[in-house]
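Heads up, the thing below is written out as structure tokens.
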Ligand code: SF4
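Chains as they are written, first to last, in the working numbering: chain S, 13 to 496; chain C, 2 to 222.
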């Protein structure tokens with residue numbers, strides 16, 4: 013088991029997706045956790061989406077609202093700035109990560125505080141805010157349970173929605189016992205690995221901090237241009253703590269997170285929770301406009317590569333993303349490779365199209381990301397804003413030529429996954445020939461198997477099993493009981 | 002060029018020539034009766050109760066005249082000794098109903114007002130809070146607070162471990178679009194769908210992390 017690259021994004025960048033994925037695929041605990049997680053959320057999502065008779069209408073509206081907003085982004089940003097300012101807030105603009113970090117560090121230092129509490133935010137992870145603050149002598153405390161697990165474990169998030177999904181309960185208990193004391197209130201001596209006990213330990217660990225910290229940093233799911241309102245969806249209540257209690261609130265938000273009107277929330281407050289956690293509604297949603305209940309409020313609008321993405325006719329649709337993570341949960345590549353292989357805070361199918369566009373294709377990793385897909389199209393089907401991820405992947409592949417063997421390998425996988433009848437044939441051929449399958453493929457394909465274990469091929473494919481048994485009606489095992 | 006001008010210029014350069022897009026709104030929009038529009042259909046109240054219970058909230062559906070006794074029983078079950086009561090909460094929700102021989106002063110708990118403003122530490126030490134709400138959404142099982150009368154500022158329903166919320170029938174709307182239509186953007190809103198929860202550990206749902214671990218809702222008909 014090799015996890016050395018987790019805390020070393022530099023190395024992940026050098027190695028590229030195939031090598032990162034190989035390490036993850038060899039980690040059976042990780043694969044087990046990922047499979048359980050993605051399957052569970054996938055099922056919940058499907059059932060709450062099916063409840064709404066007008067889901068497709070909401071999806072089309074969501075897509076069009078975002079496209080219209082992006083087309084008129086300059087106008088809506090100015091409108092938002094005016095509304096936030098009129099409501100007593102302060103608006104700052106940041107061209108890149110460094111500029112955003114400098115602005116936030118300056119705002120924190122101006123308060124005289126050296127500690128801040130944070131709500132889970134992709135934008136602040138993207139710019140490496142915690143590290144930048146640490147360099148300025150400011151400690152940032154993550155307050156989302158999963159982010160706390162990641163922070164205490166010196167680790168990297170592996171999923172947009174459940175960032176610590178690569179950790180099981182026993183690992184989390186160990187992390188809490190070893191590390192909580194270094195960061196504040198230690199875990200109780202008799203801490204068990206019951207999720208209830210672990211959540212309670214986190215509650216107690218963070219309670220004092222919430223009550224005493226004077227500055228909070230958040231992101232936002234949506235910003236309303238018309239009213240200047242920011243919106244945060246969450247489950248645990250740590251978001252409410254950070255948004256409500258501290259005297260100063262600083263929100264760092266990507267410029268694409270804007271919606272033109274208050275009414276547009278009627279679409280997105282249906283699309284996001286159902287796509288994300290598979291709930292009809294997440295436990296808590298907070299909205300606030302400018303300086304609220306006596307707070308000092310700063311909004312930092314972040315570009316950091318987004319305007320480059322906007323300039324690409326095909327790729328710009330990635331900016332519609334509302335970070336629900338539905339595409340991760342249906343992706344066969346993500347399920348096996350895990351989030352860390354993508355070498356960015358944006359994993360899975362959305363990461364494969366967003367990261368290379370945001371960062372440019374300078375590194376081995378970013379050039380290989382567009383190949384981290386079989387182009388099966390499941391991500392597009394579930395995407396609540398209908399981002400055609402396969403289309404963008406194909407376009408990016410044309411822009412980032414990659415060594416021949418890798419192209420061959422991914423192309424062959426795509427060719428097989430894409431055509432049901434070919435898949436059936438390949439599975440049958442595999443089943444018959446499985447005794448002769450080598451551990452590695454020869455010739456130009458060897459680069460592909462260098463990074464993948466060829467999975468054990470079952471004697472009977474699922475399709476054949478289904479045909480033979482009528483979907484399990486007449487028997488559940490093939491004759492020798494070898495396949496599952 | 003400063004950052005603001007440069008970002009705006011980059012945007013303009015990036016979208017020049019791109020076509021604009023019409024927004025089709027081919028979905029169920031706001032229809033249901035809003036607050037003040039009369040009493041919601043019983044169907045909506047049943048749906049709200051069912052959806053709230055789905056999130057493991059405790060739910061009572063009672064005639065308006067019984068609110069006070071249901072509240073009193075709930076607080077007794079909870080053994081709540083100190084209860085935050087925001088300004089503007091209808092006193093009839095706390096006062097025993099007419100004809101019962103229990104005077105208001107002898108309610109078995111102490112009520113705490115947020116005036117002068119309670120500190121976060123004070124709020125952390127009370128046993129619970131009772132509020133009204135601004136709207137409730139049947140389809141999603143959501144109650145929405147807007148810091149109006151009988152609700153108080155946002156921290157009141159955040160720090161105490163127990164939140165008792167009274168929903169009037171005329172505040173119940175059918176779906177999310179109805180709620181967005183009746184809520185006021187400029188007010189700080191808190192949308193609450195069940196007690197605080199996490200699924201961060203192996204996706205096992207655990208109720209109660211930082212927000213109130215128990216949510217009890219009384220819906221009056
Ligand atoms: S690309 Fe679509 S499905 Fe994936 S996270 Fe973004 S909005 Fe969700």
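Just so you know, even glycine gets a beta-carbon here, dropped at the ideal spot from N, CA and C.
Reduced DSSP secondary structure (H/G/I, E/B, other) of residue i
i	result
residue 138 of chain C	strand
residue 82 of chain C	coil
residue 28 of chain C	coil
residue 205 of chain C	coil
residue 94 of chain C	helix
residue 444 of chain S	For residue 444 of chain S, the predicted structure reports a pLDDT of 37, less than 50, and the residue's modelled location is therefore unreliable. The matter cannot be settled from this model.
residue 363 of chain S	helix
residue 63 of chain S	coil
residue 166 of chain C	strand
residue 269 of chain S	helix
residue 383 of chain S	helix
residue 168 of chain S	coil
residue 221 of chain C	strand
residue 211 of chain C	coil
Beta carbon proximity, residue i to chain C, threshold 8 Å
i	result
residue 295 of chain S	yes
residue 230 of chain S	no
residue 180 of chain S	yes
residue 319 of chain S	yes
residue 154 of chain S	no
residue 250 of chain S	yes
residue 49 of chain S	yes
residue 432 of chain S	At residue 432 of chain S the pLDDT is 45, less than 50, meaning the model places this residue with poor confidence; the figure from the coordinates comes in the next sentence. Answer no: the Cβ-Cβ gap between residue 432 of chain S and chain C never drops below 8 Å.
residue 102 of chain S	no
residue 134 of chain S	no
residue 80 of chain S	yes
residue 368 of chain S	no
Alpha carbon of residue i to alpha carbon of residue j, nearest angstrom
i	j	result
residue 303 of chain S	residue 348 of chain S	45 Å
residue 444 of chain S	residue 297 of chain S	Note that residue 444 of chain S scores a pLDDT of 37, beneath 50, so its modelled location is shaky; the value from the coordinates is reported in the next line. Near 54 Å, if we compare the C-alpha coordinates of residue 297 of chain S and residue 444 of chain S.
residue 398 of chain S	residue 152 of chain S	35 Å
residue 10 of chain C	residue 91 of chain S	16 Å
residue 189 of chain C	residue 306 of chain S	12 Å
residue 93 of chain C	residue 73 of chain C	12 Å
residue 209 of chain S	residue 203 of chain S	7 Å
residue 78 of chain C	residue 191 of chain S	39 Å
residue 198 of chain S	residue 363 of chain S	35 Å
residue 3 of chain C	residue 106 of chain S	10 Å
residue 101 of chain S	residue 69 of chain S	35 Å
residue 142 of chain C	residue 173 of chain C	10 Å
residue 222 of chain S	residue 253 of chain S	6 Å
residue 217 of chain S	residue 201 of chain C	16 Å
residue 286 of chain S	residue 63 of chain S	10 Å
residue 57 of chain C	residue 406 of chain S	45 Å
residue 61 of chain C	residue 31 of chain C	27 Å
residue 95 of chain S	residue 237 of chain S	7 Å
residue 180 of chain C	residue 404 of chain S	36 Å
residue 136 of chain S	residue 329 of chain S	22 Å
Residue i and residue j closer than 8 Å at C-beta
i	j	result
residue 235 of chain S	residue 279 of chain S	no
residue 249 of chain S	residue 60 of chain S	no
residue 194 of chain C	residue 295 of chain S	yes
residue 219 of chain S	residue 52 of chain C	no
residue 350 of chain S	residue 42 of chain S	yes
residue 340 of chain S	residue 360 of chain S	yes
residue 75 of chain S	residue 332 of chain S	yes
residue 89 of chain S	residue 313 of chain S	yes
residue 170 of chain C	residue 46 of chain C	yes
Presumed contact (8 Å Cβ cut-off) between residue i and residue j, rounded CB distance
i	j	result
residue 497 of chain S	residue 232 of chain S	The shown model of chain S, from 13 to 496, leaves out residue 497 of chain S, and the question about it has no answer.
residue 148 of chain S	residue 117 of chain S	4 Å
residue 268 of chain S	residue 82 of chain S	7 Å
residue 181 of chain S	residue 205 of chain S	4 Å
residue 140 of chain C	residue 204 of chain C	Contact doesn't hold; Cβ gap of about 25 Å is too wide.
Neighbour flag for residue i against chain S, beta carbons, 8 Å
i	result
residue 32 of chain C	no
residue 87 of chain C	no
residue 152 of chain C	no
residue 221 of chain C	no
residue 215 of chain C	no
residue 38 of chain C	Because residue 38 of chain C carries a pLDDT of 47, less than 50, the predicted location of this residue cannot be relied on, and the following value inherits that uncertainty. Answer no: the Cβ-Cβ gap between residue 38 of chain C and chain S never drops below 8 Å.
residue 28 of chain C	yes
residue 143 of chain C	yes
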